[in-house]
Amino acid sequence: MAKITILEGPDGGGKTRLAYRLCDRYGFRYHHEGPPHQPDMFRYYAETLERMVYSRTNWVLDRFHLGELVYGEVVRGKSQIGTEGVRLLNRLIRHADVRVVIVLPDPITCEKNFQKELDEGRGYLKTRRQFTRVYNFYHDLWRQSCGHYLRFNYRNRLHNLDHLVTPYRHTPFRGMVGSRRAKFIIMGEQVNHEKISVDLPFFNLENSSHSLNRALWAAGYLEEEMAFVNAYRGTKPKNLRRLIRESQPKAERIIALDGRAQYVLATQGVPHYRVAHPQFIKRFEHPKSQRYVRQLKDIREANQSYANRYLYKV
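Under the numbering used here, the first residue of the sequence shown is numbered 3, with each subsequent residue one higher.
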């Protein structure tokens, strides 16, 4: 598994300087992302990051998905990925133990650097008002992340950067996203290659993925307690018993959302809870969606009088 550090932050923050320092010290390969250059930036970010994670190259990314969230809102009035897209991408980031660092010096220093870039005709922002909105947006993201995003403010000594780099760990299972210490494993059938080319389960801002994610959040599921995986790789079923045992030893409940996924789990002797595939809930506002949320909530809260209705015992 590759080591990956994503650097985010406003113009004038010093991301590029820090990125080159990480390249020099740790042998990372440099990758820069600017304004949107694809019709579907969410898909681009997902496929790019997934391939980087399983490459043999260590990467430092000078701006990535958070840049589109922040700059899209401030400069263009709308981001291509939105907060839902960020939450999904964070599942891959969490599972692969990617470091996300927000480079955010104090506002006075950062604004001076921004003004210098502006005078020299560099940078993406064109006004101080834009800069202030971007700076505050990044500050809020860091503060609300509860430690998931690191902050680097250049008060830290540049010779001590080890905390910005992921230590080598075991390679995560390809095709699984979410927490590496999940209580709940959400299992689908297989990836829809019309929507995304890599095996990332329920990784879409539309259709079934969108409906499922909204239902899970409404039922009270937290990102740090969920992992997602598909039952099939192409036409071949995965060894789910081994995958769960080796990758998610703390998993308490497996929720199968498709008849084929339920069949694979049953034939491999894995107890699981059975819930309908979210494709049957075409829109979250559909009357049946509230019953769907209730089922998911019962399973999460171990409300046995209801949850056992959905439990398949081996």
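For each residue, glycine too, the CB sits at the ideal point set by N, CA and C.
> For glutamine 281, which option in Gly190, Ala220, Arg244 and Tyr223 has the closest C-alpha, if you only look at C-alpha atoms?
Replying inline: Gly190
> Helix, strand or coil for valine 231 per DSSP?
Replying inline: strand
> So who's on the other strand from isoleucine 246, going by DSSP bridges?
Replying inline: Isoleucine 246 is not bridged to any residue.
> How about the segment 110 to 130 and the segment 176 to 191: do they share at least three Cβ pairs that are nearer than 8 Å?
Replying inline: By the criterion of at least three beta-carbon pairs nearer than 8 Å, the segment 110 to 130 is not in contact with the segment 176 to 191.
> With burial defined as no fewer than 16 other Cβ atoms inside 10 Å of the residue's Cβ, what is the status of serine 213: buried or exposed?
Replying inline: Buried: at least 16 other Cβ atoms inside 10 Å.
>> Rounded to whole angstroms, what is the Cα-Cα separation between glycine 149 and isoleucine 104?
In response: 11 Å
>> In this structure, how does DSSP classify lysine 238 when only helix, strand and coil are distinguished?
In response: In the structure shown, lysine 238 adopts extended strand secondary structure according to DSSP, grouped into three states.
>> Does alanine 304 pass the burial test, meaning 16 or more other C-beta atoms within 10 Å, or should it be called exposed?
In response: exposed
>> Could you check whether aspartate 64 and leucine 9 sit closer than 7 Å to each other, using their CB atoms as the reference points?
In response: The beta carbons of leucine 9 and aspartate 64 sit closer together than 7 Å.
> For proline 317, does the count of other Cβ atoms within 10 angstroms reach 16, so buried, or fall short, so exposed?
Replying inline: Residue 317 lies beyond the residue range present for the chain, which begins at 3 and ends at 316; the question has no answer from this structure.
>> Just to confirm the assignment, what range does the alpha helix (DSSP H) spanning methionine 54 have?
In response: Note, methionine 54: alpha helix (DSSP H), 43 to 55.
> In terms of DSSP beta bridges, what is isoleucine 188 paired with?
Replying inline: As computed with DSSP, isoleucine 188 is found in a beta bridge with Phe230 and Ile257.
> Between which two residues does the beta strand (DSSP E) containing arginine 31 stretch?
Replying inline: Segment 31 to 34, the beta strand (DSSP E) holding arginine 31.
>> Let me make sure I understand the geometry here. Which of Leu298, Arg255 and Arg247 has the alpha-carbon closest to that of asparagine 215?
In response: Leu298
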